[in-house]
Amino acid sequence: MICQRCQTEIDPGEEKEHLGRLLCEDCFMDTLSPAKGCDPWAVYSAKNLEQQTGGSITLTPLQSEILGILERTGGVEPPGLLQELQGKLTMPQLEREFATLRHMEKVRGERREGKIFLRLW
Ligand SMILES: [Zn+2]
0 MICQRCQTEI
10 DPGEEKEHLG
20 RLLCEDCFMD
30 TLSPAKGCDP
40 WAVYSAKNLE
50 QQTGGSITLT
60 PLQSEILGIL
70 ERTGGVEPPG
80 LLQELQGKLT
90 MPQLEREFAT
100 LRHMEKVRGE
110 RREGKIFLRL
120 W
């Protein structure tokens, strides 16, 4: 099985389907924050903003809560994070918040024993 995005060999059973494409877990994880790599402007603005504000970006209460959960848990799978947020967000909304936080380099995805964990940067 070959990942249709990065062309890496995927271990049997490890492949993920996203929008009709078979992806390796890394690429699948990237779909959580689709702007990575193809939206340098967003990264630039976030960094620029951080400089302008002296290193502290104003986070929304939800974003602060997400960071707090990741700090407390040391990393959590997306469904676990949703659970911790007690229904305040749907998965698509969480993906958007996560993408924003990832642009700020506050959070990132990590693969642990074949599972995707969200953690602090
Ligand atoms: Zn891939």
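Residues in the sequence shown are numbered from 0 upward in steps of one, following numbering that gives the first Met the number 0. Ideal Cβ positions, reconstructed from N, Cα and C, are used throughout, including at glycine.
{"Check": "Enclosing beta strand (DSSP E) for ASP115 [first to last residue]", "Outcome": "Correcting the residue identity first, residue 115 is Ile in this sequence and not Asp. From DSSP, the beta strand (DSSP E) with ILE115 extends over 114-119."}
{"Check": "Neighbourhood of CYS23 by C-beta distance below 6 Å, restricted to the same chain and skipping five residues each side", "Outcome": "CYS2, THR7 and ILE9"}
{"Check": "Burial state of LEU69 (16 or more Cβ within 10 Å)", "Outcome": "buried"}
{"Check": "Backbone secondary structure at GLY19 - three-state DSSP", "Outcome": "coil"}
{"Check": "Pairwise C-alpha distance: CYS26 and LYS35", "Outcome": "Residue placement at LYS35 cannot be trusted, given a pLDDT of 47 that sits under 50; the coordinates are not used to answer."}
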